[in-house]
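All you need for our numbering is the position in the sequence shown, starting with 1, plus 3.
All C-beta atoms, glycine included, are put in the ideal place defined by N, C-alpha and C.
Take a look at the structure below.
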Amino acid sequence: MKTEYKTSVKLITQNRYSRPGRRLKGMRGLVVHWVANPGSTPRGNQNFFENRKLGKDGFGSAHEIIGINGERLICIPEAELAYHVGSKKYTRRALSRLSSYPNDYTYGIEMCHKDWTGEFTEETLDSTVQRCADLCLKYDLDPIRDIWTHQQVVGWKECPRWFVKKPVAFQEFKERVKEIVMPKQLEKWQRELGRKAVKELSKRGILNDPDKWNQEDELAKPAPTWLMLTVLARYAEEDEKNEKNN
4 MKTEYKTSVK LITQNRYSRP GRRLKGMRGL VVHWVANPGS TPRGNQNFFE
54 NRKLGKDGFG SAHEIIGING ERLICIPEAE LAYHVGSKKY TRRALSRLSS
104 YPNDYTYGIE MCHKDWTGEF TEETLDSTVQ RCADLCLKYD LDPIRDIWTH
154 QQVVGWKECP RWFVKKPVAF QEFKERVKEI VMPKQLEKWQ RELGRKAVKE
204 LSKRGILNDP DKWNQEDELA KPAPTWLMLT VLARYAEEDE KNEKNN
């Protein structure tokens with residue numbers, strides 16, 4: 004699994020049909036798609052979305068497109084709405100979790116593929132897994148619950164074909180995202196506890212320079228045993244003094 008992906012930006016011009024310029028109302032889910040255009044590139048698919056501004060191909064777009072070599076092209080800013088799951092009807096689960104208009108609360112990722120089977124290259128999968136993990140961490144999303152196929156949202160569209168026909172492959176995809184997200188979510192939880200501890204210890208005069216200790220790189224460091232024992236000893240001494248004073 005690689006940890007970085009090549010990213011470029013080619014934003015769609017604001018227009019009625021593919022980039023309305025409206026802000027998302029929130030982030031409740033990530034939706035993966037296939038481009039349904041074998042052998043095409045992110046730039047080629049971005050051009051298709053761009054040309055929809057002419058009004059001849061209806062509505063449609065996505066926030067980003069990931070190519071067969073793992074390259075990533077951003078088409079619409081993260082905070083804006085994209086037209087990627089529009090439908091006259093939605094699944095009950097989508098209506099429950101994503102609202103009556105899921106475009107308002109979801110981020111759309113198009114994935115390129117080599118042929119009509121829709122099977123994705125490892126490079127495409129790696130980049131999409133990493134990108135989904137980053138977004139799950141940023142928006143506190145659950146990889147298993149909050150990553151969707153297009154079909155799971157609308158109920159009728161075979162998109163992305165490979166994951167629709169092979170649900171086990173989609174589950175494995177989400178599990179890969181979870182493997183990245185879970186340890187980092189625990190780190191976030193630990194940092195929050197650490198900051199509470201710094202606040203309490205500094206208030207008691209046990210810990211000096213709280214700003215230094217609150218820095219993420221400091222909180223993430225494994226504490227040596229001697230340091231933890233020293234802090235506990237000082238805490239015990241302070242507690243004993245307070246008891247005597249009372």
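Query, Result
"Any chain D beta carbon closer than 8 angstroms to G63", "Among the chains in the structure shown there is no chain D, since it carries only a single protein chain."
"Distance CB(T127)-CB(I79) smaller than 8 angstroms", "no"
"Nearest-angstrom Cα separation, counted from S130 out to L144", "18 angstroms"
"M4 burial status per 10 Å Cβ neighbour count (16 or more: buried)", "Confidence at M4 is low in this model, with a pLDDT of 44, below 50, so the placement of that residue should be treated as unreliable; the coordinate-derived value is given next. Per the 10 Å Cβ criterion, exposed."
"Three-state secondary structure (DSSP) of R19", "coil"
"Other residues of its chain near Q49: CB distance less than 8 angstroms, five sequence neighbours each side excluded", "K13, I15, I68, L76 and C78"
"Residues bridged to L33 (per DSSP)", "Y110 and I150"
"Element boundaries [alpha helix (DSSP H), containing E126]", "E125 to Y142"
"Three-state secondary structure (DSSP) of R194", "helix"
"Inter-residue CB distance, C162 and H66 (contact presumed, cutoff 8 angstroms)", "Not a contact, Cβ separation roughly 15 angstroms."
"3 or more residues per run - each beta strand (DSSP E) lying fully within the region 75–112", "75–77"
"Simplified DSSP assignment, three categories, for S250", "Because the chain here runs from 4 to 249, residue 250 falls outside it and cannot be looked at."
"Option nearest G121 by Cα separation, candidates K28, C139 and V38", "V38"
"Cβ-Cβ distance between L204 and I112 below 8 angstroms", "no"
"Nearest residue (CA-CA) to K187, options Q174, L138 and W159", "L138"
"Local Cβ density within 10 Å of N248, reported as buried at 16 or more and exposed below that", "exposed"
"Beta carbon of S102 nearer than 8 angstroms to that of S64", "no"
"Beta-carbon contacts of N217 that lie in its chain and below 7 angstroms, excluding the five residues immediately before and after", "R198 and V201"
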